[in-house]
Amino acid sequence: MAKILITYYTRSGNTEKMANFIAEGVVRGGAEAEVRPVGEVNPAELLAYQGYIVGSPVYYGLMAAPIKELFDESVTLHGRLAGKVGAAFASSANIGGGNETTCLSILQMMLVHGMLAVGSSQGDHYGPCSIGSPDSRVEQQCKAHGERVAKAALALEACE
Ligand SMILES: Cc1cc2nc3c(=O)[nH]c(=O)nc-3n(C[C@H](O)[C@H](O)[C@H](O)COP(=O)(O)O)c2cc1C
Numbered sequence: 236m237a238k239i240l241i242t243y244y245t246r247s248g249n250t251e252k253m254a255n256f257i258a259e260g261v262v263r264g265g266a267e268a269e270v271r272p273v274g275e276v277n278p279a280e281l282l283a284y285q286g287y288i289v290g291s292p293v294y295y296g297l298m299a300a301p302i303k304e305l306f307d308e309s310v311t312l313h314g315r316l317a318g319k320v321g322a323a324f325a326s327s328a329n330i331g332g333g334n335e336t337t338c339l340s341i342l343q344m345m346l347v348h349g350m351l352a353v354g355s356s357q358g359d360h361y362g363p364c365s366i367g368s369p370d371s372r373v374e375q376q377c378k379a380h381g382e383r384v385a386k387a388a389l390a391l392e393a394c395e
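Under this note's numbering, think of the first position of the sequence shown as 236, with each following residue one higher.
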C-alpha cells in the first residue's frame, strides 16, 4: 500500500491541525498516512514513502527554516526521489499574508527533486491555505487534498 508522509513545522498548532485533517483525507483515498513533525524526520527515511505532503506556517512570505533544512539535507538522496508525489499546505496570520507563495516555494523544491506535484482545479490551487486556526472550509480543503495525493500515489504505484 502506498505510504504518504505528512510532515510540518508548527509553533502554535495551526499547521499541525491541518496535517491531521490531510491525514484523514489520505486514509479516505486508500493510502497509509504518517504524520510527523519535521524535526523528527531523518532525510534517509524519505525513500520509504511514495509521497510527501509538506506544510509550513508562513514566515516572511516563505516556509519556516526547518522545512528548508529538511530539503537541504535531502540532497544526499538527489535523483532517488524523482517520480514521488509531492504536495504542500500553509498557514498564515493574514489574508494575502503569503500562503500561496509558501506553498509554491515548497512545490518548487519538490520539482527540483523531480517529484510530481499535486495541485487542485478547485479551491486552494497550490495546496490548502489557512488563516490562523483551520476553519471548516480549510478542513474540507485539507481532506480533499490528502485524498487527491493518495489517489495519485496509488495510481503511480499501479504503474510500477
Ligand atoms: C517569524 C514569523 C514570521 C511570520 N510571517 C508571517 C507572514 O509573512 N505573513 C503572515 O500572514 N503571517 C506570518 N506569521 C504568522 C504565522 O504564519 C501564523 O501565525 C501561522 O498560522 C502560525 O502557524 P502555526 O500555528 O502552525 O505555528 C509569522 C509568524 C512568525 C513567528
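Just so it is clear, CB atoms sit at the ideal spot from N, CA and C, and this is done for glycine as well.
DSSP-derived helix/strand/coil call for residue i
i: ILE330; result: coil
i: GLY260; result: helix
i: ARG271; result: strand
i: LYS238; result: strand
i: SER247; result: coil
i: VAL353; result: coil
i: ALA322; result: strand
i: GLY290; result: strand
i: LEU316; result: coil
Option in the options with minimal Cα separation from residue i
i: ILE239; options: ARG246, CYS364, GLU259, GLY296; result: GLU259
i: MET350; options: GLY318, VAL384, ASN277; result: GLY318
i: GLY276; options: PRO301, TYR294, GLU267; result: It is Val, not Gly, that sits at residue 276 in the sequence shown. It is PRO301 whose Cα lies nearest to the Cα of VAL276.
i: HIS348; options: LEU282, SER247, GLY358, GLU269; result: LEU282
i: MET253; options: LYS378, GLU392, LEU305, PRO278; result: LYS378
i: ILE257; options: GLY367, PRO363, LEU391; result: PRO363
i: TYR361; options: SER368, GLY367, ALA352; result: ALA352
i: SER356; options: GLY367, GLY332, ARG383; result: ARG383
i: ALA322; options: SER247, ARG246, ILE330, LYS386; result: LYS386
i: ASP359; options: VAL320, ASN334, ARG246; result: ASN334
Sub-8 Å separation of residue i and residue j beta-carbons
i: GLY381; j: GLY264; result: yes
i: ALA325; j: GLY290; result: yes
i: GLY296; j: THR242; result: no
i: ALA268; j: MET236; result: no
i: SER399; j: ASN255; result: A query on residue 399 cannot be resolved here, the shown segment of the chain reaching from 236 to 395 and no further.
Assigned exposure category for residue i - 16 Cβ within 10 Å defines buried
i: VAL478; result: As displayed, the chain neither begins before 236 nor continues past 395, which places residue 478 out of reach and without an answer.
i: CYS338; result: buried
i: ILE330; result: exposed
Below 8 Å, how does it come out for the stretch 333 to 343 and the stretch 369 to 380: are there three or more Cβ pairs, yes or no? no
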